[in-house]
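Protein chains in written order, with our numbering: chain A, 2 to 365; chain B, 2 to 365. What follows is a set of notes on a single structure, which appears directly below.
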């Protein structure tokens with residue numbers, strides 16, 4: 002790591018506040034369909050526009066010429082990682098590629114050289130690598146993946162979007178705290194309303210996991226140090242209704258719902274577009290309404306509504322969409338930096354409160 | 002039941018072919034937001050247009066005047082049921098309302114007076130009542146709810162859309178057989194391709210249930226008497242992609258995905274509509290493309306793409322959308338009749354083959 006110029010650090014102490022550490026974001030230059038070009042361009046843009054402090058991780062042979070092209074050689078640090086994780090690789094990459102750019106990025110956070118990670122690589126691989134390399138925050142059972150849904154006027158956080166398979170109800174209750182912290186720090190929500198994704202509005206609806214989680218979220222006991230503003234069950238149709246600030250879901254169902262939402266929005270948009278080119282008159286109509294329609298379409302562009310955040314770990318991990326462009330990469334760097342400055346980790350610790358052994362499941 | 006004029010029958014024997022019995026559809030006149038008016042009108046329309054044989058079940062005081070209005074008094078039979086299940090009632094209605102119109106409709110099938118049921122009432126209540134009143138087909142572990150998704154050019158069957166909570170993998174393997182039979186009988190598919198709803202394309206992806214179900218669907222053993230044409234995992238984004246004829250899902254996730262799809266399509270359509278009225282020019286454009294846009298919107302109207310079918314029971318149960326109109330009610334009656342004529346029950350029995358004790362879980 003001679004390229005970093007960073008002091009060789011001790012692992013950051015878990016109790017240490019994020020604000021006392023420099024908000025450096027470790028950017029995986031090699032992850033994503035348009036890497037490294039779009040990622041480096043985005044990181045440079047975040048550095049220039051908002052002064053985001055960046056460390057790039059990747060192959061010097063590819064990244065250095067890009068830094069030179071943007072005229073920031075020497076201004077943005079570069080850490081060498083010759084190995085990369087392919088977009089098609091999943092969780093096994095955490096074992097197969099111990100020296101990949103994303104593994105090195107996580108290691109920088111673990112050693113205290115950085116406070117957050119940004120990558121546009123394979124979500125499955127990033128989650129697995131981050132879980133292996135980064136410690137859970139004290140008392141956290143499992144980390145969870147949060148995404149911001151494009152609801153209006155207020156965005157809704159969906160958590161867990163697929164980090165954890167077969168979770169326990171106690172984990173979902175913690176995810177409600179993570180999601181609330183995220184809604185407060187990243188979206189400015191006050192006393193965020195939390196809904197539980199199920200298949201009916203009544204408390205008794207859903208499978209065993211949903212029913213037990215409902216009980217936990219309704220009871221004082223499960224709330225950690227700070228109360229959860231629990232608003233009951235929400236259904237699949239409420240995902241975009243903006244009824245609540247946070248939707249807690251079991252990861253499998255959350256992931257299916259998220260992808261169904263993206264797929265349906267894209268399908269509907271395609272249908273409308275083809276309707277608007279099916280006759281001469283419709284084409285003229287589409288032409289007249291062009292700018293309004295384009296604006297609507299952009300709202301469903303995953304790049305516009307941003308990436309996912311892995312919460313519950315000692316560092317903020319932001320996962321941008323694989324097909325991210327310069328603009329999206331820049332905004333993901335900014336989000337990672339904002340979350341680190343907003344002390345999302347401290348906020349989660351505060352919400353969970355001191356660990357109560359015997360109540361929560363053992364941390365694994 | 003003196004109103005029926007039906008011979009007092011013995012329960013239909015399970016082995017008896019549907020084709021030897023008259024294809025009479027027991028229509029719950031009292032279920033649905035627009036009941037009994039729209040339901041009776043729809044049933045009359047199915048009777049007139051396609052010769053569908055109908056028995057209406059409901060309050061004579063309300064239904065008889067409607068039959069008189071349509072001029073079919075004496076042509077369409079009426080069975081009395083004074084109790085009804087409200088749209089807000091769930092599974093508990095099966096115990097609370099033993100003499101409801103939907104319970105009586107199921108009883109008619111059980112006694113051999115009808116071969117199918119059509120209701121636009123509360124899905125939860127209908128599923129619970131049908132499970133209580135109708136026998137499972139031989140070897141069937143649990144019935145499942147199938148819906149037809151509006152994919153193009155070929156529709157896709159999603160099964161289970163929410164009938165069974167916390168199923169076992171062996172049940173999902175059976176659902177693949179039900180779905181294949183449904184795709185053959187109702188949609189004319191040949192060797193229907195079956196996908197498993199999960200959170201990644203690879204076999205190892207998903208939670209324990211999905212992984213075990215994948216194994217079962219891939220092995221010869223689980224296929225029953227006829228092979229399943231298993232095409233591997235599909236993701237939420239593939240729901241409308243038309244890649245497969247049947248998508249097998251665990252009921253909780255299947256229900257969330259279905260409602261997410263409906264909610265997102267409605268949300269996207271609303272966004273487009275408001276985009277088309279946001280400026281004078283856009284309004285003019287929308288006006289010019291009006292008929293094409295309306296056609297596109299109708300494709301996502303649950304009423305157009307029809308209701309759900311509860312499969313695996315001794316009689317066909319078709320559940321129309323609660324807000325169903327005359328047109329939708331008529332088409333649901335026709336679907337129920339077609340499924341009964343297409344011998345969906347025989348087709349499922351054939352696919353499952355002789356019961357193999359010890360392999361499948363005990364029937365409950």
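Using N, Cα and C, we set each Cβ at its ideal position, and we do this for glycine too.
Confirm, please, whether the CB-CB distance from residue j to residue i is below 8 Å.
i                      : j                      : result
residue 30 of chain A  : residue 37 of chain A  : yes
residue 123 of chain B : residue 91 of chain B  : yes
residue 1 of chain B   : residue 180 of chain B : Only positions 2 to 365 of chain B appear in the structure, and residue 1 of chain B is not among them; the question remains open.
residue 313 of chain B : residue 197 of chain B : no
residue 78 of chain B  : residue 56 of chain B  : yes
residue 230 of chain A : residue 170 of chain A : no
residue 308 of chain B : residue 333 of chain B : yes
residue 315 of chain A : residue 136 of chain A : yes
residue 105 of chain A : residue 80 of chain A  : yes
residue 33 of chain B  : residue 323 of chain B : yes
residue 329 of chain A : residue 337 of chain A : no
residue 188 of chain B : residue 248 of chain B : no
residue 48 of chain A  : residue 73 of chain A  : yes
residue 234 of chain B : residue 199 of chain B : yes
So is residue i buried or exposed if we call it buried at 16+ other beta carbons inside 10 Å?
i                      : result
residue 205 of chain A : exposed
residue 75 of chain B  : exposed
residue 191 of chain B : exposed
residue 258 of chain B : buried
residue 108 of chain A : buried
residue 133 of chain B : exposed
residue 296 of chain A : exposed
residue 140 of chain A : buried
residue 102 of chain B : buried
residue 52 of chain B  : exposed
residue 365 of chain B : Here the model assigns residue 365 of chain B a pLDDT of 42, short of 50, so the residue's position is not dependable and the matter cannot be decided.
residue 221 of chain B : exposed
residue 153 of chain A : exposed
residue 236 of chain B : buried
Can you tell me the Cα-Cα spacing of residue i and residue j, whole angstroms?
i                      : j                      : result
residue 278 of chain B : residue 70 of chain B  : 42 Å
residue 298 of chain B : residue 267 of chain B : 9 Å
residue 183 of chain A : residue 175 of chain A : 12 Å
residue 244 of chain A : residue 125 of chain A : 29 Å
residue 111 of chain B : residue 210 of chain A : 34 Å
residue 261 of chain A : residue 232 of chain A : 24 Å
residue 241 of chain A : residue 265 of chain B : 7 Å
residue 273 of chain A : residue 294 of chain B : 7 Å
residue 283 of chain B : residue 238 of chain A : 28 Å
residue 41 of chain A  : residue 68 of chain A  : 7 Å
residue 218 of chain A : residue 227 of chain A : 12 Å
residue 254 of chain A : residue 310 of chain A : 18 Å
residue 35 of chain B  : residue 325 of chain B : 7 Å
residue 290 of chain B : residue 269 of chain B : 17 Å
residue 43 of chain B  : residue 54 of chain B  : 13 Å
residue 351 of chain A : residue 186 of chain A : 13 Å
residue 347 of chain B : residue 212 of chain B : 30 Å
residue 319 of chain A : residue 66 of chain A  : 25 Å
residue 168 of chain B : residue 214 of chain B : 11 Å
residue 84 of chain B  : residue 172 of chain A : 44 Å
residue 39 of chain B  : residue 263 of chain A : 35 Å
residue 97 of chain B  : residue 127 of chain B : 13 Å
residue 201 of chain B : residue 288 of chain A : 38 Å
residue 280 of chain B : residue 339 of chain B : 48 Å
Could you check how far apart the C-beta atoms of residue i and residue j are, in whole angstroms? I think they sit under 8 Å.
i                      : j                      : result
residue 164 of chain B : residue 146 of chain B : 4 Å
residue 50 of chain B  : residue 116 of chain B : No, residue 50 of chain B and residue 116 of chain B are not in contact; Cβ-Cβ is about 19 Å, not under 8 Å.
residue 94 of chain B  : residue 131 of chain B : Actually they do not touch by this definition, with Cβ atoms about 12 Å apart.
residue 157 of chain A : residue 246 of chain A : 6 Å
residue 225 of chain A : residue 353 of chain A : 4 Å
residue 369 of chain B : residue 58 of chain B  : Since the first and last residues shown for chain B are 2 and 365, residue 369 of chain B lies out of range.
residue 345 of chain A : residue 178 of chain A : That belief does not hold up - the Cβ atoms of residue 345 of chain A and residue 178 of chain A are roughly 12 Å apart, past 8 Å.
residue 166 of chain A : residue 148 of chain A : That belief does not hold up - the Cβ atoms of residue 166 of chain A and residue 148 of chain A are roughly 17 Å apart, past 8 Å.
Following a CB-centred definition, is residue i positioned closer than 7 Å to any heavy atom of the ligand ZN?
i                     : result
residue 62 of chain B : Judged by which ligands are present, the structure shown has none, so any question about the ligand ZN falls away.
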